[in-house]
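Enquirer:
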Amino acid sequence: AQIDFGLEGRERRFRADYFKVGVDVLMRPNSDNESCSQPPDAKHALSWSFGVCLPASCSSAELQNLLLSDTVSANPVCSLERTGDAMD
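According to the UniProt record's numbering, the stretch in the sequence shown is residues 1 to 88, in order.
(1) Count the other C-beta atoms from every protein chain shown that fall within 10 angstroms of the C-beta of leucine 26, then say buried if there are 16 or more, exposed otherwise.
(2) What residue does the beta strand (DSSP E) around serine 49 start on, and which one ends it?
(3) Hey, would you say phenylalanine 19 sits closer than 8 Å to glutamate 62, going by beta carbons?
(4) Here's the rule: buried if 16 or more other CB atoms are within 10 angstroms of the residue's CB, otherwise exposed. What is cysteine 53?
(5) Using the beta-carbon count (16 or more within 10 Å), is serine 60 buried or exposed?
(6) Give the C-beta separation of cysteine 58 and glycine 22 to the nearest angstrom, bearing in mind that I take them to be a contact with Cβ-Cβ under 8 Å.
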């Protein structure tokens, strides 16, 4: 974990890592077949990325299953990964 510190009054330590989240630049839901993709002739990026701090106990695969599932509506998240995670 990149972030690891104790909190006063708690036995368990706070551990977190930085994750890179990619979202559709037009904020289209990832269920839209045209979201999260880059046409070969595109002049501008169709997604952008930013970093977030999330619990270190979560893997990239677990978070992707949560955020990219069919049950999440109007979700513009295209990808989510932690550096060093193996993605199958």
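Every residue gets a Cβ at the ideal spot worked out from N, C-alpha and C, and that includes glycine.
Expert: This is what the structure gives:
(1) For leucine 26, the number of other beta carbons within 10 angstroms of its own is below 16, and it is reported as exposed.
(2) That run of the beta strand (DSSP E) goes 47-55.
(3) For phenylalanine 19 and glutamate 62, no; Cβs fall outside 8 Å.
(4) So cysteine 53 ends up on the exposed side.
(5) Under the 10 Å beta carbon count, serine 60 is surrounded by 16 or more other beta carbons and is classified as buried.
(6) The beta-carbon distance between cysteine 58 and glycine 22, rounded to whole angstroms, is 17 Å. This is too long to meet the 8 Å contact definition.
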